[in-house]
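Visitor: Here's a structure for you.
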Amino acid sequence: AGGGGGSGGRTLSQGVLMPLSGGLGNLGQPIRDAAVLPIDLLEGNTEFTIDSQVEDTQTDPNAGQTAASSLVDSGYPAVTGAASSEVTIQVAENVFIPNSVLACSPASTAPEITDLDDNNLIWRTPPSDALQGQVLAQVASDNIGASTAATLYVNNAYGQALSNSFVSAYGGTVQNQVSFPKGASSYSSQLSQALSDDPGVVIVIGYPESGVQLFRDYYSEYSGETPFLVTDGLQNSELPSDVGNAMTNVQGTAPSAAGPGRDFFTTEYQNEFDSEPGVFTSQAFDATAVCLLANAAAGENSGPAIAEQMQAVANPGGEEVTPSTLADGLAMAAEGTEIQYQGASSPVNFDENGDLRAATYEVFQFNEDGYEATDTIEFSA
Amino acid sequence: MSEITATTEVTTYDDSLLSVRSLDAGYGDLQILEHVDLDVADGEYVTIVGPNGAGKSTVMKSVFGLTTYMGGDIEFDGEAIEGLRPEEIIHHGIGYVPQSDNVFPSLSVEENLEMGAYILDNVPDDAMQAVYDRFPILEERRGQKAGTMSGGQQQMLAMGRALMLDPDLLLLDEPSAGLAPDLVEDMFDRIDRINDDGTAILMVEQNAKQALRRCDRSYVLVQGKNRYEEDGDALLNDPEVRKQFLGG
Amino acid sequence: MMSNTGAEIERDERDAATAAADDADDQLLRVGNLRKEFGGITAVDGASFAVADGSLTGLIGPNGAGKSTTFNCITGIHEPTAGEINFNGEDIAGLAPNAVADRGLVRTFQIARELAEMTVLENLMLAPKRQQGESLYRSVLPTFRNGVIEEETELREAVWESLEFFEIDHLAEDRAGTLSGGQRKLLEMARALMTDPDMLLLDEPFAGVNPTLETKLLDRINQLRDEEGLTFLLVEHDMDIIMEHCDPVIVMHQGRVLAEGPPEEIRNNERVVDAYFGDDI
Amino acid sequence: MEPYARGRRLVRDQPGLVVVAVAALLLVGDLIGKLTGGGLTPARFGGFVWDGLVIGLLIGLAGIGLSLTYSILGFANFAHGDYISWGAFSGWAVAYLLAGIDRYAAGGLLLIGAGDGPAPGDVGVSITNTPLSIVAGLVVAVAFTVGVSLLVDRVVYRPIREADGITLLIASIGVAFALRYLIVFFFYSGRQGVTDISRVPSYDIGGVVINAHELTIVVVGLALMVGVHLLLQRTKLGKAMRAMADNRDLAQVTGIPVEGVIRTTWILGGGLAGAAGYLVVLTQGTIAYDLGWLLLLLIFAAVIMGGIGSVYGAIVGGLVIGLASRLSLIWLTGDLSSFAEPVAFGLMIFVLLFRPEGIFGGVSTA
Amino acid sequence: MSPDGSPTDRLPTDRLDGFRELLERSDAALVLTAMAAFYLLFLSIGAILNYDLAGLISILGQVTFFTAVYALVVLALNLQWGYAGLFNIGIAGFMAVGVYTMAMLTAPPTGSPPGLGLPISVGIVGGMVAAALIGLVTALPALRLRADYLAIVTVAISEIIRLTYNSPAFSTFTLPGGIALGTGGANGIGNFPSNPVRAIYFTDPSSAASGTTPIGTAVFGFFENVLGVFRSAVIVDLTYGLVLAVVVVLVYTLLARVGNSPFGRVLKAIREDEVVAKSLGKDTNRFKIKTFMLGCALMGLAGVLWQGFGTGAVYPQAFRPELTFYIFIAVIIGGAGSNTGSVLGGAVFANLLFLLPQYLPNIIEQTFAIEADPNNFIAAIGPIAAGEIAPLLGYVLNQRLPALRFVFVGVLLVYLMQNRPEGLLGHRTETAAAVDLSEGHTPGTGPSQAADASGAAGGEGGVDDE
Ligand SMILES: Nc1ncnc2c1ncn2[C@@H]1O[C@H](COP(=O)(O)OP(=O)(O)OP(=O)(O)O)[C@@H](O)[C@H]1O
Ligand SMILES: Nc1ncnc2c1ncn2[C@@H]1O[C@H](COP(=O)(O)OP(=O)(O)OP(=O)(O)O)[C@@H](O)[C@H]1O
Ligand SMILES: [Mg+2]
Ligand SMILES: [Mg+2]
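The following block contains the structure:
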């Protein structure tokens, strides 16, 4: 096999690296499902054989490293993963970059990833949190009209980075920045600190794990009138039912999953897994899809070669390929036709750092049944 | 010590209260006792003497079900008791006062005695009073923590606790160790009296002169085997035994 | 009567103190007005006595008289509530146990405290003081380690000799925890002697030891005293031993020194007979 | 002159104590300043105190069992936290089943709403809405945890009864791993909402909001504590336990049915742990497989601070730890608020510096 | 060895016996045999998973790395716990102090978070010293406490350390002299110098696109041209693994000497009965503090080599108490009190309990592919009534395998405690003396005589053999 035409029958190898157990296990499992969805859909519909393998980082740096090595050792040239930024940075520096394997993360939003010395090997399909901080600030000031704010953030890399980027972008006064630990039995004291100066809006950065607890504590002790603004980590349709409150005072921002192929993705995901797609699932689909397209275009299972093709298959210019036409896209890419992938989460337009050039954020509002998007905000880096 | 080559010359009795036949026992895999035979008749006062490490304490513990049983028979009052748990053996009417650590230090004197009658639903008042009559100092100090009592008082308390159930046989492991001379005398006198009241005694003693003088019969144990079995006084006067075990 | 007794005791103490002052260089250990309280209990209540260099002094008294507690205070296991303790001309009250032992004053325990999981050999090898290899760097660095090995080889011989004497050499490699009650006592004494002390405090070393071996040990104690000038302070309840071997004998009662003197005198001291011997004598 | 001399002696003998006293005084002074100066509203202060009391009560309740098994069996049971978790899961599975069986399939209810099971708001469990199923759940939580602890004792600890404390401790770490991840095996690894907060009435008492579930916990917790107290005081069981803690071999020789007392200890300790786990979920409203494990270090801190083996020590220790972890937030604000837990640990270490045996150490109160 | 006959006419069983004897006598042979077995195991796994040669080298590198780092920490713990009975369950905290100090000393001052930019060697020594000092601070008050109280204090301190590093409060801060420093908060520190072994092969070790040194050119060239291995990273990793193995040998030697010496004897005595040790004139506090500090320094070193250079970045979440428990499990598998046992225990834990379970799911998937993937237990057992077992299997294999791994670890631990509480080598009491104590004497009929002698001799011999 090789580049150019007539590459039918070639094997495209794609690894998936996700936390399936440990702290982020719950978040990671649906993302893993979405990451293997393109492969499941392509099976039998394309001339290519697609070989994939899933590894579990266990939300642990050591295990993550072994899991990543295992993918590399099995000969996977490209990997969808990892999820949390800590693990992504670490396996990138220690495993993927030294071994010339490409990684495309569907969920790591830490700004540091932009600046990795990565030989062009590290990519991602969600936007950097440097942007989300600005979006939060904008929504807080413009949509909610709050001139004072407090942040309540989970005490990890994600929470600390996003809280900081919000604070530096926000025009009003930030009265309190309160951190909270994951998995505590009660957040009343943190809430009481955050609410002590009667802020115009409370920004909550965290995951459903602690979000359930935090909002339960909030609704059992306060009247529930202060506007809250949450981030992508808390964009979870089960949150209101788990909390037991419609949460109508809570809005949120998240990288929008409103790419051209979104409806197709949603339907297929529901068919396949019998549940609603969750946060970062459409990004995971896109990450795998772009890698496969780039692999087909590269004509060989080689990390650097695939990296060469990432922008070519994703960025504007050429035939449009969407999640529903992925099989055709592979064939075109292998033949050397110029294509542009229009994904489930976004049109996917990479800059030279492997970040998205433009990002669309959605503003969503919780209600009894989950949440609904109320607005979209376009942002370009 | 190895000069004594005489094999076991032990008589067996037919009507004994406690009869130990060819007992093998030890700790884990380590066998200490080899074919030990021993009898105590109803109301009899029997002692065991022998060098350090001979297995004297091990015999007592074995009767009470505290060692690894490896073979032989132990009968009490006609019933086999080998392999039973200590609390079951207590039910049969045997009391045991271990060599050391024999009171509950953080319990009061009275509570220690109550524990002695734990297997009964209610602590019999007369039993408690009987012990107090025997050891008046215990009644005086009934509220004191056992751990703060002096060595001799603790020894009395331990004995009192074993007497709470009015056992038929009392096993005493070196009851005089560490006691001041006046208390040693006193202790032996009290044991005599307990024996006079009908309780059979099986006692280990290093204070062999006293023990042998007072007991009815005595066994000499060496390296886990019976060596001699005789009247106390006879042993006391046996020159060989004197030389080997009684310090001349 | 009461005050009378008190006065007498005071006089005794004064006598002891004067005696101590008289031939100060003759007294290896001097204890003055030692007090030790545990919560409400006064275990030692102003005891004063002195032990002459090279003597085998007996310390007797009823159970609970405070003998072991006195030992514990002298050797730093307990900090005395008040009082003076002078060893070899140096005030050692309140020193840590290791500091006391380091000065050559070593004790055995009434209830043997063997190091259960260590072999009998290791128990004895532990004892000698100021071993080179007790310093971390010496035990590790190449050149120093040769010295350590040399010293260990020498110690080994001494240890085996001692084991043979105490008739526990057949147990040399057994864990000390498997020894019988009496064997533990022997180990305890052998170990204390391995520290090469100037003075030994023995707390009922023969309780539970077979009489034959007891005789042998006493011969050894006498030999060490005569030939190497060791000083012994011996707590014992066996009056035959005390009367035959100890001179002088100190009698404690209710935390105080009741009498002190040669065995003959003690045997005939009425107060001692009342307090201690009972009807035995 | 006299007080001066006494003071000087205090400074000389117990310099640490003096420093602590001064620090405590300064904190109290600062607190009064904050309360009067308006930096801290009395309502917020009251909220901290109430919060600390509720969590402290739960820690104390769970700590009693840990303390009992610690002193009687001679080892620190690292699986205690996971008994707590199993109490929570077993009890709430049944509470859910009873509350929702008329409307939903049993499977989803038994998994406490996991997977496609009904949401908390739909099942609607709360002490006022479904009091019977809440009580039934509590009973099951206690019974099930007792069963688990007896089973574990039979299978794991009994064969090595004579082993030293460290061997048992490490075996208990093994038990902890197995129990915790069996929950994940049967249930799930996330945190899930359980109670229906919209149906939990709350009362405003001088600005401090107290809800019905917290009140339930206080009532049930105190009742259980009093019950344990009476059981240990009124029966010879308490003395037998102390006797065994003193000297197990002697207890055996004395005729105390050692195995029986050990079983009773597990029944008490396991039952209280199960109840505590169930009640923790009642107050926090959510359930997670590691909820007991996350509490375990705090429980240990409480038990040790109180003095191992002392029932009252465990209770007092629990309250101190609970209050400290909440009240410290008066000073630890913003970035420092993550130090609440370290403060609780630090306090324990501090107490041990002055009382190496714990507050009630050496005093047997059971 | 066998008195009769030359090796040629020996029966195979004889040879087997001879080998067993060798293992009993020489610790080096024992450890090397165990490692050979592990290498073989993982090579077969690689083969099953169709790894190419680079993949196989990589898996060997991992086996070496994890064995070495676990062995290192286990050895340090064995010194504290196995010898002196100091029940330290704050290991993770001391490792964190080591690696964080190293990171803060060596990270570039301009980075984020800023560091002091000092050389690596200063960083490593600094990490060890800092861990030792924190050990001292822990030990001083803890000396008064009984063993289980000490345990809880150490685990509390370890949590305080982790939460402090995790706190945003010290993410970056300024020292009094105006020097900026930082822990990076929950982000950790990722910008410290790269693994020193890279300097052997690369001219600019910190750059992914660096040129190679002459050695690098030669070695990489050999692998590329002769073996066809083009991934230089696997060679670097394997080299690091081997360097760590050397470190383990050095630490082992150090600790074996500490153990087989009067110093070690005092530690053993302290573990048994501190009052006795004191009454014999040993300043036990000094011994305890020294031991605690030395152990903590080694834990700090292990932190640097493992969580620092090994993973390339340091995060607070890597130092949860679970890590400490893993080390304890390893020391128990090996047998507390035995240094060789510690190395073996570390190897067994790292390979069989840490690495192997990560490869198992893939092997299982290769062997039986089970499609069914029910996402909850009820859905998994429901079909059993209809005789369908596939959903349950699918649930177990596809959904709950990680959870079952922990259940397995727990059950194994209980099994070990019930059946072999003394661990693999704990039965072999290693006599604490610098010489064979019974040489030239016949110690009667002590049942453990043979084992003791070989233990003492073997311990020393093992070191010298290396
Ligand atoms: N728990 C134990 N485990 C192993 N061996 C033991 C144990 N207890 C005693 N032994 C061994 O059993 C033998 C007999 O011990 P035992 O205590 O019965 O002796 P004894 O005759 O009572 O001696 P003593 O007069 O010194 O008390 C000794 O060799 C001793 O080492
Ligand atoms: N740690 C302690 N706490 C409380 N009381 C104690 C303590 N140690 C000793 N005592 C008390 O001090 C008194 C003296 O005890 P000590 O052990 O010194 O007596 P002794 O003379 O050695 O007696 P014996 O001959 O029985 O060994 C006793 O009343 C004892 O109960
Ligand atoms: Mg005995
Ligand atoms: Mg005494």
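Chains as they are written, first to last, in this note's numbering: chain A, 1 to 381; chain B, 382 to 629; chain C, 630 to 910; chain D, 911 to 1276; chain E, 1277 to 1742.
From the three backbone atoms N, C-alpha and C, an ideal C-beta is built for every residue, glycine too.
Here the structure is a predicted model, which is why all the values come from computation and not from measurement.
Can you find a CB in chain B that lies within less than 8 Å of the CB of C/Ser809?
Guide: It does: the Cβ of C/Ser809 has a partner Cβ on chain B nearer than 8 Å.
Visitor: If distances are taken between C-alpha atoms only, which option among A/Asp232, A/Gly303 and A/Ser179 comes closest to D/Leu1246?
Guide: Considering only alpha carbons, the answer is A/Ser179.
Visitor: Rounded to whole angstroms, what's the CA-CA distance from E/Ala1347 to E/Val1525? Just pull it up for me.
Guide: Going by the C-alpha atoms only, they are around 10 Å apart.
Visitor: Counting only the same chain and skipping the five closest in sequence on each side, list residues whose C-beta sits under 8 Å from that of E/Ile1639.
Guide: Hits under 8 Å: Ile1321, Ile1324 and Leu1325.
Visitor: Looking at C-alpha atoms only, which residue of E/Gly1331, E/Leu1392, E/Ala1415 and E/Ile1476 is the closest neighbour of E/Phe1370?
Guide: That would be E/Ala1415, whose Cα lies nearest to the Cα of E/Phe1370.
Visitor: Check this for me: beta carbons of D/Gly973 and D/Val1056, under 8 Å apart or not?
Guide: No, Cβ-Cβ distance for D/Gly973 and D/Val1056 is not below 8 Å.
Visitor: Say the cut is 7 Å; is the CB of C/Gly675 nearer than that to a heavy atom of ligand 2?
Guide: Checking the Cβ of C/Gly675 against ligand 2 gives no.
Visitor: Would you check whether ligand 1 has a heavy atom nearer than 7 Å to the C-beta of B/Leu411?
Guide: B/Leu411 Cβ: within cutoff of ligand 1.
Visitor: Keeping to the same chain, check which residues put their C-beta closer than 6 Å to that of D/Lys1149; ignore five residues upstream and five downstream.
Guide: Excluding residues within five positions, none has a Cβ falling inside 6 Å.
Visitor: Can you tell me which of C/Ala741, C/Thr860 and C/Asp827 puts its alpha carbon nearest to the alpha carbon of C/Ser809?
Guide: Ranking C/Ala741, C/Thr860 and C/Asp827 by Cα distance to C/Ser809 puts C/Ala741 first.
Visitor: Where do the N-terminal and C-terminal ends of the alpha helix (DSSP H) with A/Arg416 fall, by residue?
Guide: The structure shown does not extend to residue 416 of chain A, since chain A spans only 1 to 381, so no value can be given for it.
Visitor: Among all the DSSP beta bridges, which residues are the ones paired with C/Phe716?
Guide: Its beta-bridge partners are C/Leu658 and C/Glu719.
Visitor: Once DSSP output is grouped into helix, strand and coil, what is the label at E/Thr1721?
Guide: Since pLDDT at E/Thr1721 reaches only 45, below the 50 mark, its modelled position is unreliable, and the value read off the structure follows with that caveat. Reduced to three states, the DSSP call for E/Thr1721 is coil.
Visitor: Quick check: what's the CA-CA separation for A/Ala107 versus A/Gly15?
Guide: Looking at the two C-alpha atoms, the distance is approximately 16 Å.
Visitor: With 8 Å as the threshold, decide whether the Cβ of B/Gly629 is near any Cβ in chain C.
Guide: For B/Gly629, the predicted structure reports a pLDDT of 48, less than 50, and the residue's modelled location is therefore unreliable. A value from the coordinates is still provided. Yes, B/Gly629 lies at the interface with chain C (some Cβ there is under 8 Å from its Cβ).
Visitor: Going by DSSP in three states, A/Met18 sits in which element: helix, strand or coil?
Guide: Residue state, collapsed to three classes: strand.
Visitor: For A/Gln65 and E/Thr1587, which I take to be in contact (beta-carbon distance under 8 Å), what is that distance rounded to the nearest angstrom?
Guide: That belief holds up - the Cβ atoms of A/Gln65 and E/Thr1587 are roughly 6 Å apart, short of 8 Å.
Visitor: Taking only beta-carbon positions, decide if D/Ile1259 is within less than 8 Å of chain B.
Guide: It does not; no Cβ of chain B falls within 8 Å.
Visitor: Straight-line CA distance for D/Ile1093 to D/Gly1187?
Guide: In a straight line, the C-alpha of D/Ile1093 is about 14 Å away from that of D/Gly1187.
Visitor: Compare the beta carbon distance of C/Asp832 and C/Phe667 with 8 Å and say whether it is the shorter of the two.
Guide: No, these two residues do not count as a Cβ contact at 8 Å.
Visitor: Give the DSSP-derived three-state secondary structure of B/Asn618 in the structure shown.
Guide: Note: B/Asn618 maps to helix in three-state DSSP.
Visitor: Check whether the Cβ of B/Gln480 lies closer than 8 Å to any Cβ atom in chain C.
Guide: Yes, its Cβ sits closer than 8 Å to a Cβ of chain C.
Visitor: Interface residues of chain E around C/Gly762 at Cβ under 7 Å?
Guide: Those within 7 Å of C/Gly762 in chain E are Ser1537, Pro1538, Phe1539 and Ala1710.
Visitor: Could you compute how far the alpha carbon of D/Leu963 sits from the alpha carbon of D/Tyr1113?
Guide: So the alpha carbons of these two residues sit roughly 17 Å apart.
Visitor: Tell me, please, whether the CB atom of D/Ala1153 is closer than 8 Å to any CB atom in chain B?
Guide: Yes, because at least one Cβ of chain B sits closer than 8 Å to the Cβ of D/Ala1153.
Visitor: Which residue's Cα is closest to the Cα of A/Ala373: A/Ala296, A/Pro304, A/Val250 and A/Gly318?
Guide: The shortest C-alpha separation from A/Ala373 is found at A/Val250.
Visitor: So, at 7 Å on beta carbons, what are the nonlocal neighbours of E/Val1590 in its own chain, with the 5 sequence-adjacent residues on each side left out?
Guide: Around E/Val1590: Val1375, Tyr1376, Ala1379, Gly1464, Ile1465, Gln1583 and Gly1584.
Visitor: Find the residues of chain B that neighbour C/His866, judging by a C-beta separation of less than 8 Å, and give them in chain order.
Guide: Near C/His866 (Cβ distances below 8 Å), the residues of chain B are Gly559, Leu560, Ala561, Pro562 and Val565.
Visitor: Can we count D/Ser1235 as close to ligand 1, meaning its CB is less than 7 Å from some heavy atom?
Guide: No, the Cβ of D/Ser1235 stays beyond 7 Å of every heavy atom of ligand 1.
Visitor: Give the list of continuous beta strand (DSSP E) stretches no shorter than 3 residues that lie fully inside the region 175–215 of chain A.
Guide: Correct list: 201–205.
Visitor: Are the C-beta of D/Gly1232 and some C-beta of chain A separated by less than 8 Å?
Guide: No, D/Gly1232 does not count as interfacial toward chain A.
Visitor: Any beta-carbon of chain E closer than 8 Å to the one on D/Ser1248?
Guide: Yes - at least one Cβ of chain E is within 8 Å of the one on D/Ser1248.
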